[in-house]
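Respectively, the protein sequence lines represent chains E and L.
For what it's worth, our numbering labels the leading residue of the first sequence as 1, then goes sequentially.
For what it's worth, our numbering labels the leading residue of the second sequence as 1, then goes sequentially.
Before any comments, here is the structure.
2 protein chains.
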Amino acid sequence: MYVAKCRQGESFTQGKIVPYGDISISPCSPILNYGQGLFEGLKAYRTEDDRIRIFRPDQNALRMQTGAERLCMTPPTLEQFVEAVKQTVLANKKWVPPPGKGTLYIRPLLLGSGATLGVAPAPEYTFLIYASPVGDYHKVSSGLNLKVDHKYHRAHSGGTGGVKSCTNYSPVVKSLLEAKSAGFSDVLFLDAATGRNIEELTACNIFIVKGNIVSTPPTSGTILPGVTRKSISELAHDIGYQVEERDVSVDELLEAEEVFCTGTAVVVKAVETVTFHDKKVKYRTGEAALSTKLHSMLTNIQMGVVEDKKGWMVDIDPCQG
Amino acid sequence: MYVAKCRQGESFTQGKIVPYGDISISPCSPILNYGQGLFEGLKAYRTEDDRIRIFRPDQNALRMQTGAERLCMTPPTLEQFVEAVKQTVLANKKWVPPPGKGTLYIRPLLLGSGATLGVAPAPEYTFLIYASPVGDYHKVSSGLNLKVDHKYHRAHSGGTGGVKSCTNYSPVVKSLLEAKSAGFSDVLFLDAATGRNIEELTACNIFIVKGNIVSTPPTSGTILPGVTRKSISELAHDIGYQVEERDVSVDELLEAEEVFCTGTAVVVKAVETVTFHDKKVKYRTGEAALSTKLHSMLTNIQMGVVEDKKGWMVDIDPCQG
Numbered sequence: 001m002y003v004a005k006c007r008q009g010e011s012f013t014q015g016k017i018v019p020y021g022d023i024s025i026s027p028c029s030p031i032l033n034y035g036q037g038l039f040e041g042l043k044a045y046r047t048e049d050d051r052i053r054i055f056r057p058d059q060n061a062l063r064m065q066t067g068a069e070r071l072c073m074t075p076p077t078l079e080q081f082v083e084a085v086k087q088t089v090l091a092n093k094k095w096v097p098p099p100g101k102g103t104l105y106i107r108p109l110l111l112g113s114g115a116t117l118g119v120a121p122a123p124e125y126t127f128l129i130y131a132s133p134v135g136d137y138h139k140v141s142s143g144l145n146l147k148v149d150h151k152y153h154r155a156h157s158g159g160t161g162g163v164k165s166c167t168n169y170s171p172v173v174k175s176l177l178e179a180k181s182a183g184f185s186d187v188l189f190l191d192a193a194t195g196r197n198i199e200e201l202t203a204c205n206i207f208i209v210k211g212n213i214v215s216t217p218p219t220s221g222t223i224l225p226g227v228t229r230k231s232i233s234e235l236a237h238d239i240g241y242q243v244e245e246r247d248v249s250v251d252e253l254l255e256a257e258e259v260f261c262t263g264t265a266v267v268v269k270a271v272e273t274v275t276f277h278d279k280k281v282k283y284r285t286g287e288a289a290l291s292t293k294l295h296s297m298l299t300n301i302q303m304g305v306v307e308d309k310k311g312w313m314v315d316i317d318p319c320q321g
Numbered sequence: 001m002y003v004a005k006c007r008q009g010e011s012f013t014q015g016k017i018v019p020y021g022d023i024s025i026s027p028c029s030p031i032l033n034y035g036q037g038l039f040e041g042l043k044a045y046r047t048e049d050d051r052i053r054i055f056r057p058d059q060n061a062l063r064m065q066t067g068a069e070r071l072c073m074t075p076p077t078l079e080q081f082v083e084a085v086k087q088t089v090l091a092n093k094k095w096v097p098p099p100g101k102g103t104l105y106i107r108p109l110l111l112g113s114g115a116t117l118g119v120a121p122a123p124e125y126t127f128l129i130y131a132s133p134v135g136d137y138h139k140v141s142s143g144l145n146l147k148v149d150h151k152y153h154r155a156h157s158g159g160t161g162g163v164k165s166c167t168n169y170s171p172v173v174k175s176l177l178e179a180k181s182a183g184f185s186d187v188l189f190l191d192a193a194t195g196r197n198i199e200e201l202t203a204c205n206i207f208i209v210k211g212n213i214v215s216t217p218p219t220s221g222t223i224l225p226g227v228t229r230k231s232i233s234e235l236a237h238d239i240g241y242q243v244e245e246r247d248v249s250v251d252e253l254l255e256a257e258e259v260f261c262t263g264t265a266v267v268v269k270a271v272e273t274v275t276f277h278d279k280k281v282k283y284r285t286g287e288a289a290l291s292t293k294l295h296s297m298l299t300n301i302q303m304g305v306v307e308d309k310k311g312w313m314v315d316i317d318p319c320q321g
């Protein structure tokens, strides 16, 4: 894993690769007491010709900067972030699965470390990256069965829903467990302000399709600006769909022809059913679904099956490091 | 400090007192990645006759249980919590300041530890308590100057605002820093749903006084059920005030005669001014203020100046441990 530290008011300097293992941290640190932490998630892919590549790390680097600004933390520079991800992947290159067998999931963390008792910015920041080989995020091979949550909310305006803050995740575990114990794959949250518009799942964005129009909630503070979300929007637009970022009501969701979700972990995953109170709606999935096409388009770029005309892939130089 | 661990599905057993120092934790732990953590805050007091006492630790124990239920964590039992606090205070008894010179602040933490990659309950929980001598929380000797925040919100319905989750704190640091740089002591948040009702400060509850009526926002999910809040409500009622827990609008706040805030750290602190957009309102403070009277009543009980008829104080037996 990669570890770098920086004191408040200073900048990150070169970190180092150390063996994966527990870290040592002050019981008084803001990450342990006040949730001052951000994370990122991206993947490394092994191509058929045995190259290792990562997907749009600049986007994750940028999002960590936005999040750090929101949580009053000092982030690494864009270059430091990308370089650190590369070093981590290189150090773990034997753990990148063969093509078709999975990917190496990379988890950068920015933590408020050091010791301080009051609610305030941390005296020290730790930038850490670990990695793990992963297969499919959701265990179902077909589409997801979602429950619309009308009890819990994920985010609110003037909160941290628009950045990848650790504080957005533990609060949704209860909703997720309740839904899973009732047989659902995941939960779809509604906006806290009106309870009428859809927002996102516990850890991925959502899209609905009707005719030629693909719609997804706008990133106006309560929606995580997903890298896969952005990439899929671009790919859908490329093949002639009209992509709209706007408020999407539950009513529209229930009347959609197709629903799918996106995220680094899930990639693109069709939603088979949505349950809202007592109403259960079934959507198009399988070969005829747009999500199937978009999933292929994206993974073909990621796996090097088709040429990356967008400049999204970053090669890891095996001779480096 | 005190440390105890328990695996998921099991219960906490007896922890132990260890020297204060950094803890070792997995980079994959839910506290570092997903904010799965709760904290508490309480104080130990040294009386004139050199006894050491703590204030209502059962209330903090209960609140940690409510929080653990919300964040899907395993908490210590009420008895384990109180016993662990006592052990921690005993081990740090030389650090309890003399009467009038401050108190020993005690910080219990419940952390999602162990290693897990996905958003899920932790495989292990760590219950940890550290302590530090403290003086006044706010550096001002007179009343606080608050800014009403109309940009950020602290909590939302269906969120975690009603429990002492770490996730409620790092998101408010930005608002606090902006207010402090503009010369304010602290921020007063409005409800996220309507933006019309007052909620609380970054780390304490609020009360308004008009005539014989003392009002404070209700603990219906977005307000932290403060132990000092509850105690002060009871004391105000005891001396003939009508105490109302109900929505309090900004308009009412601006028309109040007196405003004060409560919390373990601040105890009871008068608010001197509130600024809402361009409007600045000044309130009664000093000897004539109810908050001054309530502050005396509470600290007299805590410091053993008057008899504790409510059974709030728990003595630490110096012969134990």
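A virtual CB, placed ideally from N, CA and C, is assigned to each residue, including glycine.
#1: By the 10 Å Cβ neighbour count, where 16 or more other Cβ atoms means buried, how is D50(L) classified, buried or exposed?
#2: For I206(L) and chain E, any beta-carbon pair shorter than 8 Å?
#3: Starting from the beta carbon of I31(L), find every residue of chain E whose beta carbon is closer than 7 Å, and list them in chain order.
#4: Taking a Cβ distance cut-off of 7 Å, strictly less, list which residues of the stretch 33 to 48 of chain L are near chain E, in chain order.
#5: Does I52(E) pass the burial test, meaning 16 or more other C-beta atoms within 10 Å, or should it be called exposed?
#6: Going straight from the alpha carbon of I129(L) to that of I23(L), what length do you get?
#7: Distance, Cα to Cα, G321(E) vs D315(E)?
#8: Can you list, in chain order, the stretches of the alpha helix (DSSP H) that have 4 or more residues and sit fully within the stretch 219 to 287 of chain E?
#9: Can you list, in chain order, the stretches of the alpha helix (DSSP H) that have 4 or more residues and sit fully within the stretch 111 to 193 of chain E?
#10: Less than 8 Å between CB atoms is the rule here; does K16(E) satisfy it with respect to chain L?
#11: Could you pull out every unbroken beta strand (DSSP E) segment of at least 3 residues lying fully inside the stretch 3 to 35 of chain L, listed in chain order?
#12: Using beta carbons (cut-off 8 Å, strictly below), is Y2(E) in contact with chain L?
#13: Under 7 Å Cβ to Cβ from P75(E), same chain only, skipping five residues before and after it: list those, please.
#14: Is G321(E) close to chain L? Criterion is C-beta to C-beta, closer than 8 Å.
#15: For N60(E), which three-state DSSP category applies?
#16: Mapping the DSSP letters down to three states, classify M313(L) as helix, strand or coil.
#17: In the DSSP assignment, what residue or residues form a beta bridge with E200(L)?
#18: Compare the C-beta of K94(E) with all C-beta atoms of chain L and state if any pair is closer than 8 Å.
#19: In whole angstroms, what separates the C-alpha of T262(L) from that of G35(L)?
#20: Taking 8 Å as the threshold, find out whether the stretch 175 to 193 of chain L comes into contact with the stretch 230 to 244 of chain L through three or more Cβ pairs.
#21: Looking at the secondary structure, which residues open and close the alpha helix (DSSP H) in which A329(L) lies?
#22: Can you pull the chain L neighbours of P121(E), defined as C-beta to C-beta under 8 Å?
#23: List the residues that DSSP assigns as beta-bridge partners of N205(E).
#24: Taking 6 Å as the limit between beta carbons, can you name the residues of its chain near T323(E), skipping five residues before and five after?
#25: Could you say if the stretch 28 to 44 of chain E and the stretch 112 to 128 of chain E meet the contact criterion of at least three C-beta pairs nearer than 8 Å?
#26: Could you pull out every residue in the same chain whose Cβ sits closer than 6 Å to the Cβ of Q302(L), ignoring the five residues on either side in sequence?
#27: I'd like to know if the stretch 264 to 273 of chain L and the stretch 286 to 295 of chain L are in contact, where contact means that at least 3 CB-CB pairs between them fall below 8 Å.
#28: Out of V274(E), W312(E) and G195(E), which has the shortest C-alpha to C-alpha gap to L235(E)?
#29: Could you list which residues in chain L have their beta carbon closer than 8 Å to that of D22(E), in chain order?
#30: So, for K164(E): in the same chain, excluding its five sequence neighbours on each side, which residues have a beta-carbon less than 7 Å away from its beta-carbon?
#31: From the DSSP output, read off the bridge partner residues of R70(E).
#32: What residues in the stretch 143 to 163 of chain E bring their beta carbon closer than 7 Å to a beta carbon of chain L?
#33: Run through DSSP, which three-state label would K43(L) get?
#34: Whose C-beta lies closer than 7 Å to the C-beta of V134(E) among residues of the same chain, with five residues either side of it excluded?
#35: Under a Cβ-count criterion, where at least 16 other Cβ atoms within 10 Å of its own Cβ denotes burial, should N33(E) be classed as buried or exposed?
Taking the coordinates as given:
#1: Residue numbering aside, residue 50(L) sits at position 50 when the second sequence is read from its first letter. Classification for D50(L): exposed.
#2: The residue you call residue 206(L) lines up with position 206 of the second sequence. Not closer than 8 Å to any Cβ of chain E, the Cβ of I206(L) fails to qualify, so no.
#3: The sequence position of residue 31(L) within the second sequence is 31, counting from 1. Those within 7 Å of I31(L) in chain E are L32.
#4: N33, Y34, G35, Q36, G37 and F39
#5: Residue numbering aside, residue 52(E) sits at position 52 when the first sequence is read from its first letter. So I52(E) ends up on the buried side.
#6: Looking up residue 129(L) in the second sequence gives position 129. Looking up residue 23(L) in the second sequence gives position 23. Roughly 12 Å separates the two Cα atoms.
#7: Along the first sequence, read from residue 1 onward, the residue named residue 321(E) stands at position 321. Along the first sequence, read from residue 1 onward, the residue named residue 315(E) stands at position 315. With a pLDDT of 49 at G321(E), under the threshold of 50, the modelled position of this residue cannot be trusted; read the value that follows with caution. If you take the alpha carbons of G321(E) and D315(E), they lie about 14 Å apart.
#8: Runs of the alpha helix (DSSP H) lying entirely within the stretch 219 to 287 of chain E, each at least 4 residues long, are 227 to 238 and 250 to 255 in chain order.
#9: Fully enclosed alpha helix (DSSP H) runs of 4 or longer: 173 to 181.
#10: Indexing the first sequence from 1 puts residue 16(E) at position 16. No, no contact with chain L.
#11: Runs of the beta strand (DSSP E) inside the stretch 3 to 35 of chain L: 23 to 25.
#12: Stepping through the first sequence from its first residue, residue 2(E) is reached at position 2. No - not a single Cβ of chain L is within 8 Å of the one on Y2(E).
#13: Indexing the first sequence from 1 puts residue 75(E) at position 75. The beta carbon of P75(E) sits closer than 7 Å to those of M64, Q65, A68 and L110, all from its chain and outside the five residues before and after it, given in chain order.
#14: For the purposes of this step, residue 321(E) is taken as residue 321 along the first sequence, with counting starting at 1. Here the model assigns G321(E) a pLDDT of 49, short of 50, so the residue's position is not dependable, and the following value carries that caveat. Cβ-Cβ to chain L under 8 Å: no for G321(E).
#15: Walking along the first sequence from the start, residue 60(E) turns up at place 60. Helix, per DSSP.
#16: Mapped onto the second sequence, residue 313(L) falls at position 313. Note: M313(L) maps to strand in three-state DSSP.
#17: Taking the second sequence and counting its residues from 1, one reaches residue 200(L) at position 200. Paired residue(s): none; E200(L) is not in a bridge.
#18: Taking the first residue of the first sequence as 1, we reach residue 94(E) at position 94. By this cut-off, K94(E) is not an interface position.
#19: Here residue 262(L) is taken as the residue at index 262 of the second sequence, counted from 1. Here residue 35(L) is taken as the residue at index 35 of the second sequence, counted from 1. Distance between the alpha carbons of T262(L) and G35(L) is about 26 Å.
#20: Not touching, per the Cβ criterion.
#21: As shown, chain L starts at 1 and ends at 321. That puts residue 329(L) outside it, with no answer to give.
#22: Start at 1 with the first residue of the first sequence, and residue 121(E) comes out as number 121. Within chain L, the residues near P121(E) are V173 and L177.
#23: Against the first sequence, residue 205(E) aligns to sequence position 205. Paired residues: E200(E) and T262(E).
#24: There is no way to answer for residue 323(E), as the model of chain E reaches only from 1 to 321.
#25: yes
#26: For this step, residue 302(L) is matched to residue 302 along the second sequence. Answer for Q302(L): Y45 and F55, listed in chain order.
#27: yes
#28: The residue given as residue 235(E) occupies position 235 in the first sequence. The shortest Cα separation from L235(E) among V274(E), W312(E) and G195(E) belongs to W312(E).
#29: Sequence index remark: in the first sequence, residue 22(E) carries index 22 (1-based). The answer, in chain order, is S24, I25, S26 and P27.
#30: If you number the first sequence from 1, residue 164(E) lands on position 164. Correct list, in chain order: L38, F39, E40, R63, G67 and L224.
#31: On the first sequence, residue 70(E) is found 70 positions in, with the first residue counted as 1. DSSP, once it has assigned bridges, lists no residue as partnering R70(E).
#32: K151, Y152, H153, H156, S157, G158, G159 and T160
#33: Within the second sequence, the letter at position 43 stands for residue 43(L). Looking at K43(L) - three-state DSSP - the assignment turns out to be strand.
#34: Taking the first sequence and counting its residues from 1, one reaches residue 134(E) at position 134. Once the five neighbours on either side are set aside, the close Cβ partners of V134(E) are G102, T103 and Y105.
#35: Looking up residue 33(E) in the first sequence gives position 33. N33(E) should be labelled buried.
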